[in-house]
Every structure is written in C-alpha cells, then in structure tokens.
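Encoded as structure tokens, the structure appears first; notes follow it.
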Amino acid sequence: MANAGRPAGGSARIEEVFAERLAEHPDAIAVEDDAHSLTYAQLWDAAGEVAEALADDGVAPGGLVGLRTRRGWRAVVGILGIWRHGSGYVPVDPRYPKSRRAYIVEDVGLRHVVVEDPDGTLAVESAAGGSAPGHDVPSDAAYVIHTSGSTGDPKGVLIRHSQILALLDACSATYDVGPEDVWSFFHSHSFDFSVWEIWGALLSGGRVVVVPHEAATDSAAFVRLLADRGVTVLSQVPSVFGFVVRSLEERPLPLPRLRYVVFGGEAVGPQVLLRWYDLALAPNARLYNMYGITEITVHATVKLLSPAELRAPGLGTPIGAPLPGLRLALLEDGRPVPPGLPGEIHIAGAQVADGYLGRPDLTAQRFLRVPGLGEDVLWYRSGDYAVERPDGEYEFLGRRDDQVKIRGFRIELGEIESVLAGQPEVRECAVVVTESIKGDPVLAACFVPAAAAGPAPEAEIASVLRHRLAALLPKHMVPGLFVPVRELPVTMSGKLDRGALAKAAGGHFS
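In terms of this note's numbering, the sequence shown opens at residue 30 and continues consecutively.
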C-alpha cells in the first residue's frame with residue numbers, strides 16, 4: 030500500500046498522512062460521485078471549514094463529535110474535518126430510527142454533531158440528547174462505531190488513529206495500490222468497512238468513487254458503475270457480491286481495470302466465487318478474503334482465494350493468516366488447542382482496540398490477558414471459532430454464541446429479542462436465522478402471542494410487530510419474517526431449540 034504508512038516518528042494522525050498525499054498531488058481527484066468531485070486540495074479546504082465551524086461553536090478538541098450525514102463525499106469531508114479539529118467522529122446514521130440515534134448520543138455523551146442540512150451543506154448542531162457525561166478519550170481517538178450488544182444495547186468501540194494506520198501498514202504487504210487506483214465507497218460510514226474503503230484509497234493517493242444509492246440497490250447499475258469509473262479496488266460483503274455475479278451472468282460486462290476484490294463482513298461461500306472465475310470478465314482481479322471485527326480495526330487476516338483454494342476440501346471458510354503486526358491464537362477454556370481442533374479466535378497486536386467506551390464490565394469480558402501468551406499482551410476474545418490447518422493457515426467455522434452476520438452487519442440476536450420481548454403482544458420470543466427460497470439468510474422473529482394481543486388474527490399481530498420494530502431498530506436488524514408459534518421448542522436438556530425454530534420459520538417461504 031504505497032505511502033500509506035506513518036511519517037517519521039510513528040505517532041501520526043491520519044490527517045497528517047493525508048497532508049503528505051495532498052502535497053504530492055493537490056489537483057488529483059480525491060473523491061467523486063455522479064455530480065461532484067473534489068481534488069485533494071478542495072477536500073482539505075472543505076474539511077478545514079468544518080474544523081473552523083467546530084472551533085467557532087466552542088467545541089474543544091480532544092473529544093468526540095457526532096457525524097450525521099448520508100453516505101457520500103460530504104461524509105468524507107465531515108470525517109476529515111472532525112479529525113482536523115482534533116476530535117474523533119461518531120457516526121449517527123440518519124437512516125437509523127430516532128430512538129437508536131438518541132441512544133448513541135446518550136451513550137457517548139455527545140454535545141455536538143456535524144450534520145448534513147437538506148440543502149447539502151454541513152453544519153454544527155448541539156446534541157440535544159447529550160445529557161450523559163462525556164467520556165475521557167485518548168488524544169488520538171479516531172472514531173467510535175457501535176456494534177450489536179447482547180444486553181439489548183449497542184456498545185461503542187473506540188479506535189485510535191494509530192490502529193487505523195497499523196491496519197493500512199499491515200495491508201501493504203498484500204495490496205500494491207497507489208495514485209492510479211480507484212476505490213469504491215459502497216458501505217455506510219456506520220460500518221467499519223468504510224474506513225478501509227476511504228482511507229485505504231486516500232492515504233495511498235488514490236480516488237474514492239461514491240456508489241450512489243440507486244447503484245447500491247441495483248446490481249446491474251452497480252456493475253455499470255464499476256466499468257464506467259474504472260474501479261480497481263472493490264470491497265464487498267460476500268452475499269452482496271452474489272448479486273453482482275448474478276447480474277454479470279445475465280448481462281456480461283468486462284471489468285479489465287479491476288485488480289482487487291476484498292471480502293469482509295461474513296463468511297465466503299465458494300460456489301459464487303467459482304461462478305465469478307468462470308465468467309472470466311475481470312482477468313486482472315485477485316479475490317481476497319479478510320476476516321475481521323470492529324474491535325480489531327476492520328481486518329485481521331488475509332487469504333487469496335484462487336479457484337484451486339475454493340475447490341479444496343476443508344472444514345470451513347479459508348481466512349488465511351494474521352496480518353503483519355497481529356497474533357492469532359485458538360483457545361478453549363483459556364488454553365491453546367492443538368492444530369486441527371476448533372478453538373475460539375483470540376487476536377492480539379497493534380490494531381486491537383482498548384475496549385468498549387464506558388463499558389468496563391464488557392471490556393473485561395472481551396479484552397483480556399491470557400496466561401502463557403504474554404503477561405503484557407492484550408487479547409481480544411472474538412466469539413468466533415476457527416481451526417488451524419496443517420499449513421498454518423486458518424479456516425473460519427462460525428460464531429460461538431448467537432451473534433450472526435447478515436449482509437455484512439454484525440447482529441446480536443439477543444438485542445432484537447430484547448426489543449421484541451418488550452412488546453405487549455409478545456409472551457415469549459426468539460430470533461433465529463433461516464434461509465429464503467433462494468438460500469439467502471433471513472432473520473425470523475418467532476413469538477408466542479400474549480393475552481394482551483386479544484383475539485386479533487396472528488397475521489395482524491405480526492404486522493403490528495413488524496412496524497413497531499421498524500421504528501425501534503435499524504433496517505438491517507428488522508426481521509424479514511414474523512412467525513407466531515404456540516410455544517418455543519426446547520431440546521432434551523431443556524434449552525431453546527433454535528434449529529427447530531429455524532426449520533419451522535423456513536417453512537413459511539414454501
């Protein structure tokens with residue numbers, strides 16, 4: 030990753046590295062969409078205006094500032110502006126329900142938010158809900174992104190500038206990118222994949238192409254954008270990439286400039302990637318799978334997915350080896366497991382976050398010292414299971430608990446269950462993952478109606494619950510199915526039989 034590392038001294042912030050790229054080619058395009066483009070110089074100046082607006086509003090540097098913008102070039106301006114001010118940003122996605130946005134403001138203790146006005150300008154607003162005390166954060170805090178939480182409340186993960194720069198430094202061993210590269214900006218800046226998409230491009234002197242909403246939801250339009258803009262680095266969640274492959278099978282379109290396809294967010298299925306290779310429409314593209322978690326700054330491992338690798342037998346999804354600067358250990362009951370046996374993934378190294386913002390109890394559960402693996406080493410306990418292969422690389426097996434990934438979003442089923450259980454029409458409930466007729470993962474909310482629901486038809490109750498949850502949860506967490514049941518099935522040991530529920534829910538598609 031050309032020139033993406035730290036300047037001499039090793040304590041750089043991202044805006045300092047960006048300033049170096051700015052000095053090298055101020056007139057090169059930094060970010061563009063269908064209607065606008067900003068050069069490196071224009072992006073720097075626009076970000077400076079945001080920094081000045083924050084200072085004029087009395088915002089002291091060194092804290093956290095909310096960012097409520099749509100995915101687009103203004104989001105990039107807002108992020109860089111908050112950094113130039115000396116603060117870290119907290120995404121407050123405008124698509125989230127009002128209650129979710131209010132929770133983030135309260136959880137972080139935000140006092141100010143950079144917002145995108147209806148006319149497209151960026152402005153600073155007071156965070157009316159920020160009555161909670163703010164948190165002390167390190168001087169190099171870059172962002173706080175909230176991930177799903179099993180208690181019903183999302184938890185904020187604070188990432189430093191140094192951890193993002195460590196990620197980009199580590200990836201330079203795999204990706205040879207520079208000023209000639211064009212990166213797609215597909216994912217919301219509330220999803221940490223966007224950090225890779227934006228700053229992987231800009232800190233190597235490349236160009237960011239914003240994928241408009243219409244193209245993000247229309248695979249044929251998305252493919253045309255990839256071809257027309259000459260995208261060279263495409264980052265995708267595997268399930269979304271499946272729609273891209275399907276579109277190319279229906280309307281083949283050569284993608285000669287595409288160099289890298291980077292997968293993250295969920296497990297990769299080999300069949301769709303083999304179909305991609307069979308199309309032979311991007312002869313210069315290499316496909317990489319990168320296992321990662323928000324708490325480890327986006328990516329933790331990397332694996333080149335060749336046709337031979339995809340056809341090879343294995344226990345799970347190949348995720349390769351840790352990035353330089355990271356260590357991976359598989360443990361069970363706090364002890365390393367032998368190669369060939371499954372164990373829980375633990376990660377240590379320069380990219381690992383310090384913990385959860387204001388949640389020392391959860392931090393202690395997930396960020397810990399492991400006897401025998403270095404007394405001063407902080408390990409992140411992922412909740413994911415993997416197995417070490419004879420060649421020393423790893424295969425991903427799945428989640429330890431009931432946390433799942435759908436379309437790249439990490440979702441704690443318990444968080445949805447907590448909201449669903451709070452509805453008066455629900456006596457008991459469980460949320461499971463089932464499959465649609467097409468084989469796509471779907472969240473299914475199974476519930477036993479409460480007496481309060483009265484004699485209303487079950488379909489009517491399901492409709493009420495669907496609309497209720499849509500107002501309380503982000504769109505990606507609203508179940509696609511609401512299934513009334515007489516009772517929740519249990520196993521012989523008395524535990525909830527999620528497998529039986531998922532099978533029953535899947536039957537509603539037939």
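Don't be surprised by glycine CBs; every beta carbon is placed ideally from N, CA and C. On a predicted model such as this, the values are computed, not experimentally measured, just so you know.
message: Measuring straight from C-alpha to C-alpha, what distance separates G229 and L197?
response: 7 Å
- request: Could you tell me how far apart the beta carbons of V134 and L93 are, in whole angstroms, since I believe they sit closer than 8 Å?
  value: At roughly 11 Å, the Cβ-Cβ gap does not stay under 8 Å, so V134 and L93 are not in contact.
- prompt: Within this structure, are the beta carbons of F538 and E464 separated by less than 9 Å?
  reply: yes
message: Going by the DSSP bridge assignment, what does Q21 pair with across the sheet?
response: As displayed, the chain neither begins before 30 nor continues past 539, which places residue 21 out of reach and without an answer.
message: Among K127, A131, W102, V79, whose alpha-carbon lies nearest the alpha-carbon of S116?
response: V79
query: I think R258 touches R288, with their Cβ atoms under 8 Å apart; what is that distance to the nearest whole Å?
result: That pair is no contact at about 14 Å.
query: Going along the chain, which unbroken runs of the beta strand (DSSP E) with 3 or more residues stay wholly within the segment 58-138?
result: 58-61, 66-68, 93-97, 117-120
- prompt: So, helix, strand or coil for D526, using DSSP?
  reply: coil
field: Whole-angstrom distance between V290 and L359, CA atom to CA atom
entry: 28 Å
field: G110 burial status per 10 Å Cβ neighbour count (16 or more: buried)
entry: buried
field: Span of the alpha helix (DSSP H) around F251
entry: 248-257
- prompt: Using CA coordinates, which residue listed in K532, V237, E417 is at the minimum distance from A474?
  reply: K532
message: Quick check on N318: buried or exposed, where buried means 16 or more other Cβ atoms within 10 Å of its Cβ?
response: buried
field: H218, DSSP secondary structure in three states
entry: coil
message: Please state whether the Cβ-Cβ distance between G437 and S268 is less than 9 Å.
response: yes
task: Check R398 in the structure and name its three-state DSSP category.
output: coil
- prompt: Based on the DSSP secondary-structure assignment, which residues constitute the bridge partners of R315?
  reply: Y289
field: Reduced DSSP category for P36 - H, G, I as helix; E, B as strand; rest coil
entry: The pLDDT assigned to P36 is 45, lower than 50, so where the model puts this residue is not dependable, and the model offers no usable value.
message: On the DSSP letters alone, give me the boundaries of the beta strand (DSSP E) that F538 sits inside.
response: Note, F538: premise wrong, no beta strand (DSSP E); not H, not E.
query: When burial is assigned at 16 or more other CB atoms within 10 Å of the CB, is Q300 buried or exposed?
result: exposed
task: Give a yes or no on whether the minimum CB-CB distance between G369 and chain D is below 9 Å.
output: Checking the listed chains, one finds no chain D in this structure; it contains a single protein chain.
task: Assign R495 to one of three DSSP states: helix, strand, or coil.
output: helix
message: Let me make sure I understand the geometry here. Which of L255, T261, P368 has the alpha-carbon closest to that of V273?
response: L255
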